[in-house]
Amino acid sequence: MMFNAMTERDDIDVPALKARLIERRDELRRLVESSAESRAPVELDQSRVGRLSRMDALQAQAMSVETQRRRQIELGRIDAALGRISAGEFGFCVTCDEPIGKVRLRLDPSAPQCIDCAQAGPGR
445 MMFNAMTERD DIDVPALKAR LIERRDELRR LVESSAESRA PVELDQSRVG RLSRMDALQA
505 QAMSVETQRR RQIELGRIDA ALGRISAGEF GFCVTCDEPI GKVRLRLDPS APQCIDCAQA
565 GPGR
């Protein structure tokens, strides 16, 4: 079956995948808001907190900052997928314009590339 990026795919349940994307986006936004305090700068007052406690706090803060960075990347992927849905281009590889596998989309509805292009990497 030949696909075209301007033709919506009828072999995938786009409304269900869109609902999953919106649900995940809302969940990530709630997590971003609720974890803001854990990314705050660590107080380094040695008279109030011991050295090991400061090290633990710095490590926890660094992990929280990295988690936040990953959430922002995922939010960007979700927003891009929702944009492709709006444009009628969802389910097609942004690199080669071929259909993305149904199983791949079911596992990750925000996937922008088919498995071949994703494995080939950015220097394709």
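In short: position in the sequence shown from 1, add 444, done, that's our numbering. Ideal Cβ placement from N, Cα and C applies to all residues, glycine included. Note that the structure is a prediction, hence the values are computed from the model and not measured.
Below 7 Å between beta carbons: does that hold for residue i and residue j?
i      : j      : result
Pro653 : Leu461 : The structure shown has nothing for residue 653, since the chain only spans 445 to 568.
Gly532 : Ile544 : no
Leu465 : Ile522 : yes
Leu549 : Leu472 : no
In this structure, how does DSSP classify residue i when only helix, strand and coil are distinguished?
i      : result
Leu472 : helix
Pro543 : strand
Leu502 : helix
Met450 : A caution first: Met450 carries a pLDDT of 47, below 50, which makes its placement in the model too unreliable to give a value.
Met445 : Low local confidence applies: a pLDDT of 40 at Met445 is under 50, so the model's placement there is unreliable, and no value is given.
Measure the alpha-carbon distance for residue i versus residue j and round it to whole angstroms.
i      : j      : result
Asp560 : Ala504 : 37 Å
Met507 : Ala501 : 10 Å
Arg469 : Val547 : 21 Å
Val458 : Ser497 : 49 Å
Is it right to say residue i is buried, meaning 16 or more other beta carbons lie within 10 angstroms of its own, or is it exposed?
i      : result
Arg513 : exposed
Ala564 : exposed
Ala555 : buried
Ala525 : buried
Along the chain, where does the alpha helix (DSSP H) containing residue i start, and where does it finish?
i      : result
Ala555 : No alpha helix (DSSP H) holds Ala555; DSSP gives it neither H nor E.
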